[in-house]
Structure formats: structure tokens, C-alpha cells
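J.: The structure's right below; bear with me while I get my questions together.
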Amino acid sequence: MKSFRRELWFNLPERRGFVNITPEVESCLRESGIQEGLCLVNAMHITASVFINDDESGLLHDYDEWLEVLAAHDPLGKYWHNRTGEENADAHLKRQIMGREVVIAVTEGRFDFGPWEQIFYGEFDGKRRKRVLVKIIGD
Amino acid sequence: MKSFRRELWFNLPERRGFVNITPEVESCLRESGIQEGLCLVNAMHITASVFINDDESGLLHDYDEWLEVLAAHDPLGKYWHNRTGEENADAHLKRQIMGREVVIAVTEGRFDFGPWEQIFYGEFDGKRRKRVLVKIIGD
Amino acid sequence: MKSFRRELWFNLPERRGFVNITPEVESCLRESGIQEGLCLVNAMHITASVFINDDESGLLHDYDEWLEVLAAHDPLGKYWHNRTGEENADAHLKRQIMGREVVIAVTEGRFDFGPWEQIFYGEFDGKRRKRVLVKIIGD
Numbered sequence: 001m002k003s004f005r006r007e008l009w010f011n012l013p014e015r016r017g018f019v020n021i022t023p024e025v026e027s028c029l030r031e032s033g034i035q036e037g038l039c040l041v042n043a044m045h046i047t048a049s050v051f052i053n054d055d056e057s058g059l060l061h062d063y064d065e066w067l068e069v070l071a072a073h074d075p076l077g078k079y080w081h082n083r084t085g086e087e088n089a090d091a092h093l094k095r096q097i098m099g100r101e102v103v104i105a106v107t108e109g110r111f112d113f114g115p116w117e118q119i120f121y122g123e124f125d126g127k128r129r130k131r132v133l134v135k136i137i138g139d
Numbered sequence: 140m141k142s143f144r145r146e147l148w149f150n151l152p153e154r155r156g157f158v159n160i161t162p163e164v165e166s167c168l169r170e171s172g173i174q175e176g177l178c179l180v181n182a183m184h185i186t187a188s189v190f191i192n193d194d195e196s197g198l199l200h201d202y203d204e205w206l207e208v209l210a211a212h213d214p215l216g217k218y219w220h221n222r223t224g225e226e227n228a229d230a231h232l233k234r235q236i237m238g239r240e241v242v243i244a245v246t247e248g249r250f251d252f253g254p255w256e257q258i259f260y261g262e263f264d265g266k267r268r269k270r271v272l273v274k275i276i277g278d
Numbered sequence: 279m280k281s282f283r284r285e286l287w288f289n290l291p292e293r294r295g296f297v298n299i300t301p302e303v304e305s306c307l308r309e310s311g312i313q314e315g316l317c318l319v320n321a322m323h324i325t326a327s328v329f330i331n332d333d334e335s336g337l338l339h340d341y342d343e344w345l346e347v348l349a350a351h352d353p354l355g356k357y358w359h360n361r362t363g364e365e366n367a368d369a370h371l372k373r374q375i376m377g378r379e380v381v382i383a384v385t386e387g388r389f390d391f392g393p394w395e396q397i398f399y400g401e402f403d404g405k406r407r408k409r410v411l412v413k414i415i416g417d
């Protein structure tokens with residue numbers, strides 16, 4: 001069994017944002033040489049997500065608005081977590097909706113995707129350097 | 140390491156619905172001959188989910204009602220995604236709540252399930268042919 | 279390819295609660311001897327979750343409050359599932375928000391975690407014995 005590991009680094013200028021990371025993750029797969037297996041892509045930080053959906057700017061706007069309805073940033077004081085001096089409690093909640101990770105099938109050396117599947121990094125507490133892990137196992 | 144791949148196709152007559160796909164996925168596992176490993180089951184479309192929960196019709200009704208509260212289909216115009224000519228923005232949101240995929244342990248040639256675990260396909264934008272991917276790796 | 283399997287048992291005294299299970303899961307990894315691979319950790323029951331986030335007591339309080347807003351326990355009669363004699367419909371909903379499972383990369387014999395990642399068992403219908411499955415595959 002082969003394995004491959006790579007960290008991808010991000011530093012988003014705003015508190016929240018989405019980045020299509022499909023090309024970087026596909027580059028990892030090519031470098032790994034793995035033909036059949038599974039690829040795990042996960043946020044290494046607990047206020048960020050990795051998820052698969054459509055790369056359509058209107059939809060990304062809708063996600064952002066919707067997450068703010070489900071888990072509002074303000075008022076800060078309603079979250080006990082923010083009593084620790086943080087102001088990112090909402091980011092920990094938003095990340096649970098969007099998920100920590102995706103697992104992708106590798107078939108004949110390629111990601112076994114449907115027609116519109118794209119891998120996204122979702123940032124909910126940005127303005128600093130954060131990481132995504134790519135781990136691929138197989139033959 | 141062995142690997143197995145199969146697509147399962149669905150065409151639900153309504154916009155939304157749930158289908159218990161456990162028998163089809165178990166059939167894949169038997170065909171694969173894999174005794175120890177991991178099985179990934181994921182929606183290949185971004186307005187559908189694969190998830191594990193209880194096969195109880197009242198609960199499936201509750202999920203449907205609840206998802207409509209969290210991410211309502213109407214009014215269509217509140218979603219920027221629908222300005223592209225789509226009317227399925229809510230389906231992309233609902234899918235994030237229910238998830239894209241499940242990963243299931245394979246032990247002694249069987250799914251290593253708790254007593255009530257059943258695999259479901261969740262459709263949020265139906266009336267057309269869509270796919271689920273089953274990928275199994277192991278020995 | 280090696281594989282390892284272990285069940286972890288829990289019996290929480292309250293209906294809802296969170297338990298940091300990182301030490302128990304790390305103990306499984308050491309026992310497995312696996313150096314490179316993937317580890318699946320999943321709730322075997324459909325009213326519980328396994329998720330990764332921060333071990334901060336205020337945040338766990340916030341999760342509990344937030345889940346009760348998104349999927350309230352009462353009134354019981356609003357859920358069709360509760361007509362079966364259950365009163366845990368909300369627990370099935372809360373589990374979908376927090377997720378069934380996590381998949382963790384194993385690198386050089388250790389979990390390949392970011393700085394704050396901790397594995398939690400989330401119970402939404404406690405006061406009885408329930409299980410988590412740990413399955414590790416790799417070399």
C-alpha cells in the first residue's frame with residue numbers, strides 16, 4: 001500500500017471565505033502516483049471546513065448568508081466560548097454544518113467525481129495562516 | 140490491496156425523497172469479496188446526500204419537514220444561485236446538513252454496523268437520473 | 279494491509295453530553311501498530327455523533343444550546359417519529375448536524391492532527407449503553 005501526505009496553506013484576508021482547492025488536491029494525486037484508493041482532505045483547524053459542492057459564485061454567497069442565519073457571529077456575548085477572549089464561537093458552529101473533511105474515491109489515477117463536484121476550503125475565522133491536510137492511500 | 144467500484148442510479152419522481160440503499164450497497168460488498176477494509180458511499184451530485192440513520196417512515200417525514208425549516212425552497216428569489224436560472228439553491232443547502240458521504244468499516248466481509256444503521260440516499264432536487272458511487276478498498 | 283477494530287462503550291447519565299475520546303482512540307492506534315493509513319471513528323447508534331473540535335467547556339455548552347435551537351426536543355408531538363413511542367426524534371436531527379463519523383489520517387504511527395483537533399463522542403439520547411467503532415487500516 002502506498003501513502004501520500006501534503007499540507008496546503010491558506011491565509012484569507014477576510015474573516016469568512018471559500019476557496020476552490022480542487023487543482024491543488026488533484027496535483028497531490030498526480031504526484032502520489034496512486035491509481036486505486038481513497039483520498040482524505042480535511043481542515044486541520046477547527047474553525048474551517050473542507051466540503052464538496054458547486055463552484056458557482058451565487059451559491060457561495062448563499063452559503064455565507066445562510067450560515068450567518070443558522071449561527072450568527074453577533075452578539076458575541078451569547079456564546080460562552082467567547083468568554084475565553086475569543087470571538088470565533090460562531091466559526092466553530094458554522095464548521096459543523098459544512099463539515100471537517102471529505103473522502104474521495106481514486107479510480108484509475110483520477111478523482112472519481114460526478115459532473116459538478118469541486119473541493120472547497122471554507123474559512124470562518126480567517127486573517128491568519130491555516131492548513132488543510134491531504135492524505136491518500138492505495139496502490 | 141483490492142478495490143471495487145460501482146455506480147448506483149436513481150430517478151426519484153418527486154423533488155425530494157429518501158431511499159434505503161443498504162441492500163444495493165451490501166450487494167456490492169459481497170461482489171467485491173473484500174473481508175477487511177473501508178467502504179465509501181457518496182452522492183456524485185451536489186444536491187443529494189448519502190447518510191446513515193434509522194429506517195422509520197415518521198423520522199424520514201421529520202427530516203423532510205426540518206430541512207425545509209432550516210433551508211426553505213421558497214421564496215426562490217432570496218437565493219443568488221437561483222439567478223442562474225436554477226431553482227435548487229435550497230437543495231445545495233439541505234445536502235450540507237445531511238452530508239455528501241458515509242465511510243463504513245468492513246469486518247469479516249460484512250458492514251460493521253450498529254443495530255439500527257441503514258444507508259440512505261437523500262434527494263433534494265429530483266425528477267432526473269442521478270448517481271451514487273460505492274468504492275471499497277481492502278483485502 | 280493491516281486492519282484493527284475496537285468498540286468503545288459509553289453510558290452517559292444525562293440525555294445529552296459530550297466526551298473527549300481522543301485518549302482511547304489514540305490507544306487503539308498504538309495497539310494496532312499501523313504507521314500509515316486511515317482511521318474511521320463512528321457512532322454505531324443513530325442518535326449520537328463522533329466529531330472533531332476544540333476541547334473547551336464553553337464551546338461544548340454553546341453546541342448544546344445551539345443544537346437545541348436548531349432541533350428542539352419539545353414539543354414531542356411535533357415529530358412523527360415520536361408517535362412510535364420514542365421521544366428522541368430531536369436526537370436523530372441533532373446527530374445529522376454534528377455528523378456520524380470522522381476519518382483521521384495516520385502518519386508515522388500518529389494521528390495527523392492540527393493543533394487543537396480533539397475527537398468527541400456526542401450523545402443526544404443517553405442514559406443507556408451505546409458504542410463507538412474504531413477501525414484502522416494501513417501498513
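Protein chains in written order, with my numbering: chain A, 1 to 139; chain B, 140 to 278; chain C, 279 to 417.
Beta carbons: idealized from backbone N, C-alpha and C, even for Gly.
1. Put I97 of chain A into one of helix, strand or coil per three-state DSSP.
2. Quick check for students: name the residue ranges of the beta strand (DSSP E) that lie wholly in the stretch 85-137 of chain A, counting only runs of 3 or more.
3. Given a cut-off of 8 Å on the beta-carbon distance, is the pair T300 of chain C and Q396 of chain C in contact?
4. DSSP state of N289 of chain C, grouped into three classes?
5. With a threshold of 8 Å between beta carbons, is L179 of chain B in contact with chain A?
6. From the DSSP output, which residues share a beta bridge with G156 of chain B?
7. Please report the straight-line C-alpha distance between L411 of chain C and P152 of chain B, rounded to a whole angstrom.
8. Distance cutoff 8 Å, beta carbons only. Does W219 of chain B sit that close to anything in chain A?
9. Could you please give the first and the last residue of the uninterrupted beta strand (DSSP E) stretch that includes L177 of chain B?
10. Can you find the residues in the same chain that come closer than 6 Å, C-beta to C-beta, to L199 of chain B, ignoring five residues on each side of it along the sequence?
11. By the 7 Å beta-carbon criterion, what residues does the stretch 359-371 of chain C contribute toward chain F?
12. Hey, is the stretch 179-194 of chain B in contact with the stretch 261-275 of chain B, meaning 3+ C-beta pairs nearer than 8 Å?
13. If you draw a straight line from the alpha carbon of E226 of chain B to that of H212 of chain B, how long is it in whole angstroms?
14. Does the beta carbon of F113 of chain A fall short of 7 Å from some heavy atom of the ligand NAP?
15. Assuming K413 of chain C contacts R293 of chain C (C-beta within less than 8 Å), just tell me the rounded distance between them.
16. By alpha-carbon positions, which one of B:L215, B:D201, B:E195 ends up nearest to G58 of chain A?
17. Quick one: residues in its chain with C-beta nearer than 6 Å to the C-beta of R378 of chain C, no 5 flanking neighbours on either side, listed in chain order?
18. Note down, in chain order, every chain C residue with its Cβ under 7 Å from the Cβ of L29 of chain A.
19. Can you tell me which of B:N159, B:V164, B:K141, B:F149 puts its alpha carbon nearest to the alpha carbon of V242 of chain B?
20. Mind reading off the beta-carbon distance from L318 of chain C to L177 of chain B? Whole number of angstroms is fine, and I expect it under 8 Å.
21. A350 of chain C CB to nearest chain A CB: under 8 Å?
22. List, in chain order, every chain C residue whose beta-carbon is nearer than 8 Å to that of I236 of chain B.
23. From which residue to which residue does the beta strand (DSSP E) around I191 of chain B run?
24. Between the C-alpha atoms of N20 of chain A and E56 of chain A, what's the straight-line distance to the nearest angstrom?
25. Name, please, each residue of chain B whose Cβ falls closer than 7 Å to the Cβ of L59 of chain A.
26. With the cut-off set at 8 Å, would you say I415 of chain C and S281 of chain C are in Cβ contact?
27. For a quick check, are the C-beta atoms of A367 of chain C and D201 of chain B less than 8 Å apart?
28. Could you give the distance in angstroms between the alpha-carbon of E314 of chain C and the alpha-carbon of M1 of chain A?
29. Are the C-beta of S3 of chain A and some C-beta of chain C separated by less than 8 Å?
30. So if DSSP puts K2 of chain A in a beta bridge, which residue, or which two residues, is it bridged to?
31. Is I140 of chain A close to chain C, meaning its C-beta is less than 8 Å from at least one C-beta of that chain?
32. Go ahead and pull the three-state DSSP assignment for E56 of chain A.
T.: On the basis of the supplied data:
1. helix
2. 101-107, 118-123
3. yes
4. coil
5. yes
6. B:E262
7. 36 Å
8. yes
9. 176-182
10. F157
11. In summary, chain F is missing from the structure at hand, where the protein chains are A, B and C.
12. yes
13. 8 Å
14. As far as ligands go, the structure on display features none, and thus does not contain the ligand NAP.
15. With a Cβ gap of about 28 Å, K413 of chain C and R293 of chain C do not count as contacting.
16. B:L215
17. N320, A321
18. None at all; the shortest Cβ gap to chain C is about 15 Å.
19. B:V164
20. 6 Å
21. no
22. Q374, I375
23. 187-192
24. 10 Å
25. H220, A228, H231
26. yes
27. yes
28. 9 Å
29. yes
30. A:G138
31. Outside the displayed span of chain A (1 to 139) sits residue 140 of chain A, for which this structure offers no information.
32. coil
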